[in-house]
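Undergrad: This is the structure, below, for whatever I ask next.
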Amino acid sequence: MDNDGIERNKKTYILLLDAYVGSGRLEDTWWVLGELKKRGIRLGSSVYSKLVGIYRDNGMWKKAAMLVMDMQDMGIALDRRFYNCLIDMFCKYGEIDDALRVFDKMRSEGLKPSIMTWNSLIRGHCKAGDLKRAVAFFTEMQDQGFYPDPKVFLSIISRLGEQGKWAEIKNIFEAMKCRGFRKSGVIYAILVDVYGQYGMFQNPEECINALKAEGLKLSASIFCVLANVYAQLGYCEETLKGISPDVVTYTTLMKSFFRAKSYVQIPAIYKQMELAGCTPDRKAKQTLQNALVVLQQG
């Protein structure tokens with residue numbers, strides 16, 4: 001274009017950026033940004049935001065950080081979206097100190113953290129093994145009135161379970177109930193699942209009584225969790241007490257016992273399904289067949 005005497009303008013560079021991003025030529029986008037900077041052309045914040053996100057998601061977090069620094073040098077104010085993107089990026093790549101510096105900067109600018117901010121910080125600290133700080137952020141997030149993300153809750157609880165910190169898990173859950181999260185079936189199902197994984201429920205009645213104490217009905221999702229717990233503990237008949245099982249229920253139970261390597265229980269569950277008048281589906285038949293193969297080999 002330059003050879004033909006045609007001057008490049010902002011629209012031209014935006015088209016180039018879109019073309020390079022679309023074809024995966026991310027290094028070439030960096031050249032375009034250099035040209036823009038050299039010519040003193042500023043793009044809109046939405047374009048920069050998109051590029052920061054693309055660099056972050058493709059492992060080019062250092063370029064993303066440099067781009068943000070260039071934006072600040074150009075006097076472009078960062079909004080909460082940019083700060084969240086940076087915090088998430090630094091946490092994702094283990095740069096926790098940088099994430100905290102951005103977090104402090106964000107607050108000093110008068111921007112309130114969103115649920116995305118808290119989730120990134122909690123996940124990042126869990127990944128880094130700093131559970132104390134992760135729990136502190138989890139607590140502060142709730143103090144700010146945000147409802148816990150089940151995936152983030154699972155991340156914290158699972159890590160604490162690995163370390164056997166059951167008293168701390170109980171304290172977290174009790175604090176959540178005090179803040180009004182008492183009726184969250186998803187959160188409670190996660191708690192039951194983690195306790196079950198580490199053998200903290202000594203018998204099925206403890207699981208059932210814990211659920212009843214919370215006033216929760218045995219939904220399909222919670223049944224799946226209990227099925228996994230019971231399978232790990234070696235219980236079979238107790239799992240079906242208090243419910244009207246169907247094909248999906250029986251199949252879920254069979255799969256849970258298969259994962260727990262309690263293969264001997266699976267034919268009995270299959271027989272129960274037939275006696276209950278349920279027609280086994282393809283998944284149930286396949287699970288039975290796989291269990292019988294393992295039993296024959298044993």
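Quick note on the UniProt record's numbering: the sequence shown kicks off at 1 and runs consecutively.
Where a beta carbon is used, it is the ideal one built from N, C-alpha and C, also for glycine.
#1: Indicate the three-state DSSP secondary structure (helix, strand or coil) for G59 in the structure shown.
#2: Quick one: Cα of K177 to Cα of R123, how far?
#3: Considering only the beta carbon of each residue, do I14 and L51 sit closer than 8 Å?
#4: From Y20 to T12, what does the alpha carbon distance come to, in whole angstroms?
#5: Comparing C-alpha positions only, which one of F146, R56, R282 sits nearest to I117?
#6: Between D149, P150, D97, which has its C-alpha nearest R133's C-alpha?
#7: Provide the residue span of the alpha helix (DSSP H) that contains F137, from first to last.
#8: Could you check which residue in L86, E109, M71, M69 has the C-alpha nearest to that of G53?
#9: Considering just the uninterrupted stretch of the alpha helix (DSSP H) at V21, what are its terminal residues?
#10: By DSSP, does K170 sit in helix, in strand, or in coil?
#11: Which runs of the alpha helix (DSSP H) spanning at least 4 residues fall entirely within the UniProt repeat "PPR" (246 to 280), listed in chain order?
#12: Just verifying my parser: in three-state terms, what is the DSSP assignment at P148?
#13: Taking K10 as the reference, which of W30, E35, S23 has the closest Cα?
#14: Return yes when the Cβ of A77 is within less than 8 Å of the Cβ of F90, no when it is not.
#15: Counting only the same chain and skipping the five closest in sequence on each side, list residues whose C-beta sits under 8 Å from that of V32.
#16: Whose C-beta lies closer than 6 Å to the C-beta of S120 among residues of the same chain, with five residues either side of it excluded?
#17: Out of F138, K165, A136, T29, state which residue places its alpha-carbon closest to the alpha-carbon of K63.
#18: Which whole-angstrom value describes the C-beta separation of A284 and T251, a residue pair presumed to lie in contact below a C-beta threshold of 8 Å?
#19: Taking C-beta to C-beta, are K37 and D70 nearer than 8 Å?
#20: Using three-state DSSP, classify E95 as helix, strand or coil.
#21: Does the beta-carbon of Q265 have 16 or more other beta-carbons within 10 angstroms, so that it is buried, or is it exposed?
#22: Does the beta-carbon of S262 have 16 or more other beta-carbons within 10 angstroms, so that it is buried, or is it exposed?
#23: Please report the straight-line C-alpha distance between M273 and K255, rounded to a whole angstrom.
#24: Would you please state the rounded distance, in angstroms, between the beta carbons of Q142 and P148? I believe it to be under 8 Å.
#25: Here's the rule: buried if 16 or more other CB atoms are within 10 angstroms of the residue's CB, otherwise exposed. What is L295?
#26: Please say whether T279 and V247 have beta carbons closer to each other than 8 Å?
#27: How many angstroms separate the CA atom of E174 from the CA atom of G110?
#28: If we ignore side chains and look at the alpha-carbon of each, how far apart do L253 and F138 end up?
#29: Between the alpha carbons of F153 and Y83, how many angstroms are there, rounded?
TA: Taking the coordinates as given:
#1: Counted from its first residue, the sequence shown places residue 59 at position 59. Looking at G59 - three-state DSSP - the assignment turns out to be coil, as it is neither helix nor strand.
#2: Taking the sequence shown and counting its residues from 1, the one referred to as residue 177 is at position 177. Taking the sequence shown and counting its residues from 1, the one referred to as residue 123 is at position 123. Distance between the alpha carbons of K177 and R123: 22 Å.
#3: By one-based count along the sequence shown, residue 14 stands at place 14. By one-based count along the sequence shown, residue 51 stands at place 51. Cβ atoms of I14 and L51: not closer than 8 Å.
#4: Position 20 of the sequence shown, counting from 1, holds the residue named residue 20. Position 12 of the sequence shown, counting from 1, holds the residue named residue 12. When rounded, the distance between both Cα atoms is 12 Å.
#5: Counting from 1 along the sequence shown, the entry for residue 117 is found at position 117. In the sequence as displayed, the identity of residue 117 is Thr instead of Ile. Nearest option by C-alpha distance: F146.
#6: Taking the first residue of the sequence shown as position 1, residue 133 is located at position 133. Here the closest residue by C-alpha is D97.
#7: Reading the sequence shown from its first residue, position 137 is the one you call residue 137. Start and end: 131 to 143.
#8: Your numbering for residue 53 matches position 53 in the sequence shown. Ranked by how close their Cα comes to the Cα of G53, the residues L86, E109, M71, M69 have L86 in first place.
#9: Taking the sequence shown and counting its residues from 1, the one referred to as residue 21 is at position 21. V21: member of the alpha helix (DSSP H) spanning 10 to 22, first to last residue.
#10: Counting from one through the sequence shown, the residue named residue 170 turns up at place 170. Helix.
#11: List check, alpha helix (DSSP H) in window: 247 to 259, 265 to 275.
#12: Here the question's residue 148 lines up with position 148 in the sequence shown. P148: coil per DSSP, three-state reduction.
#13: As a first step, residue 10 is located in the sequence shown; it is residue number 10 there, counting from the start. Restricting attention to W30, E35, S23, the CA atom closest to the CA of K10 is found in E35.
#14: Here residue 90 refers to the residue found at position 90 of the sequence shown. Here residue 77 refers to the residue found at position 77 of the sequence shown. Contact: no.
#15: Here residue 32 refers to the residue found at position 32 of the sequence shown. Only Y13, L16, L17, Y20 meet the Cβ criterion.
#16: By one-based count along the sequence shown, residue 120 stands at place 120. Excluding residues within five positions, the ones whose Cβ falls inside 6 Å are I87, D88, C91.
#17: Locating residue 63 in the sequence shown gives position 63, counting from the first residue. Cα-wise, what sits closest to K63 is T29.
#18: Stepping through the sequence shown from its first residue, residue 284 is reached at position 284. Stepping through the sequence shown from its first residue, residue 251 is reached at position 251. Confirmed, about 4 Å.
#19: Here residue 37 is taken as the residue at index 37 of the sequence shown, counted from 1. Here residue 70 is taken as the residue at index 70 of the sequence shown, counted from 1. Yes, they are a contact pair.
#20: The sequence position of residue 95 within the sequence shown is 95, counting from 1. Coil at E95, not helix or strand.
#21: As a position in the sequence shown, residue 265 is number 265, starting the count at 1. It counts as buried.
#22: Counting from one through the sequence shown, the residue named residue 262 turns up at place 262. Burial call: buried.
#23: Numbered from its first residue, the sequence shown carries residue 273 at position 273. Numbered from its first residue, the sequence shown carries residue 255 at position 255. Distance between the alpha carbons of M273 and K255: 14 Å.
#24: The sequence position of residue 142 within the sequence shown is 142, counting from 1. The sequence position of residue 148 within the sequence shown is 148, counting from 1. Rounded to the nearest angstrom, the Cβ distance from Q142 to P148 is 7 Å, consistent with a contact under 8 Å.
#25: Counting from 1 along the sequence shown, the entry for residue 295 is found at position 295. By the 10 Å Cβ count, L295 comes out exposed.
#26: The residue labelled residue 247 in the question sits at position 247 within the sequence shown. The residue labelled residue 279 in the question sits at position 279 within the sequence shown. In this structure, the beta-carbon distance from V247 to T279 falls below 8 Å.
#27: What you label residue 174 is simply residue 174 of the sequence shown in a count that begins at 1. What you label residue 110 is simply residue 110 of the sequence shown in a count that begins at 1. A direct Cα-Cα distance of roughly 32 Å separates E174 from G110.
#28: On the sequence shown, position 253 is the one that residue 253 refers to. On the sequence shown, position 138 is the one that residue 138 refers to. Answer to the nearest angstrom: the Cα atoms are 34 Å apart.
#29: Residue mapping note: residue 153 aligns to position 153 of the sequence shown, counting from 1. Residue mapping note: residue 83 aligns to position 83 of the sequence shown, counting from 1. If I take the Cα positions, the gap works out to 23 Å.
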